[in-house]
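Heads up: the sequence shown begins at 4 in my numbering, then just goes up one per residue. Note that the Cβ used here is the ideal one computed from N, Cα and C, for glycine as well.
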Amino acid sequence: MTSFPELHELLWLFESEPTIPEENPGWPINPATFETERGRWRVRCVIAPYDYTVTIRCQIEGEDAIEVNLLENVDEVKLDRTHEAEALVVVCRTDSLLRPVRLQLKPRVHVVIETELPWQRA
């Protein structure tokens, strides 16, 4: 990944401590797994900068609602704190047809996944 948030910024967003498989070498070489609950929603997000991978899994009342696996395709991860919303934004490589994937956690859980058509590219 060309850029990703600092660990303390992700702690702020998810309001939970991450699970990192090995302390040495730790983050960002090893992935960080965040789990959080928002009302009826349980959200799990794995961010692996050195693997260019982000996985998002959302459950509602214990049932899977959505799982997004962006494998070896992520260029940038950033936070969006605008208009009282708090979200993780995942930008894929420029050759991908995916527009930025958005995982909003506040004021409510909301996931946006959009593609673009090849002829829409500039």
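Are V93 and V57 touching if we call contact CB-CB under 7 Å? Reading the sequence shown from its first residue, position 90 is the one you call residue 93. Reading the sequence shown from its first residue, position 54 is the one you call residue 57. Their beta carbons are under 7 Å apart, which means V93 touches V57 by this criterion.
Is F7 helix, strand or coil by DSSP? Indexing the sequence shown from 1 puts residue 7 at position 4. In this structure, F7 counts as coil in the three-state DSSP scheme.
If you measure between the beta carbons of V77 and C48, is that distance less than 7 Å? One-based indexing of the sequence shown puts residue 77 at position 74. One-based indexing of the sequence shown puts residue 48 at position 45. Cβ atoms of V77 and C48: not closer than 7 Å.
Taking the beta strand (DSSP E) that N33 falls in, what are its first and last residues? As a first step, residue 33 must be located in the sequence shown, where it is residue number 30. Neither: N33 is in no beta strand (DSSP E) and is coded neither H nor E.
Consult DSSP for E12 and reduce its assignment to one of helix, strand or coil. Indexing the sequence shown from 1 puts residue 12 at position 9. The answer is helix: DSSP assigns E12 an H, G or I state.
Mapping DSSP to helix, strand and coil, what is D83? Stepping through the sequence shown from its first residue, residue 83 is reached at position 80. Secondary structure of D83 (DSSP, three-state): strand.
Going by the beta-carbon positions, is the gap between V114 and I69 smaller than 7 Å? Counting from one through the sequence shown, the residue named residue 114 turns up at place 111. Counting from one through the sequence shown, the residue named residue 69 turns up at place 66. Yes, Cβ-Cβ distance for V114 and I69 is below 7 Å.
In its own chain, which residues sit with a C-beta less than 6 Å from the C-beta of P31, not counting the 5 before and 5 after it? For this step, residue 31 is matched to residue 28 along the sequence shown. Contacts found: P52.
Contacts around V46, its chain only, beta-carbon distance under 6 Å, and the 5 residues preceding and following it disregarded: Walking along the sequence shown from the start, residue 46 turns up at place 43. Close CB contacts of V46 within its chain, under the 6 Å cut and outside five residues either way in sequence, are with T39 and C61 (chain order).
Does the Cβ of I50 have 16 or more other Cβ atoms within 10 Å, making it buried, or fewer, making it exposed? Position 47 of the sequence shown, counting from 1, holds the residue named residue 50. The residue in question, I50, is buried, as its Cβ has 16 or more Cβ neighbours within 10 Å.
May I ask you to list the residues that DSSP assigns as paired with Q123? Within the sequence shown, residue 123 is the residue found at index 120, counting from 1. Beta-bridge pairing links Q123 to no other residue.
Sequence-distant residues of the same chain with beta carbon closer than 7 Å to Y55, five excluded per side: As a position in the sequence shown, residue 55 is number 52, starting the count at 1. Excluding sequence positions up to five before and after Y55, its CB lies within less than 7 Å of the CB of M4, E75, N76 and V77, all in the same chain and listed in chain order.
Quick one: what does DSSP say D54 is sitting in, helix, strand or coil? Counting from 1 along the sequence shown, the entry for residue 54 is found at position 51. Residue state, collapsed to three classes: helix.
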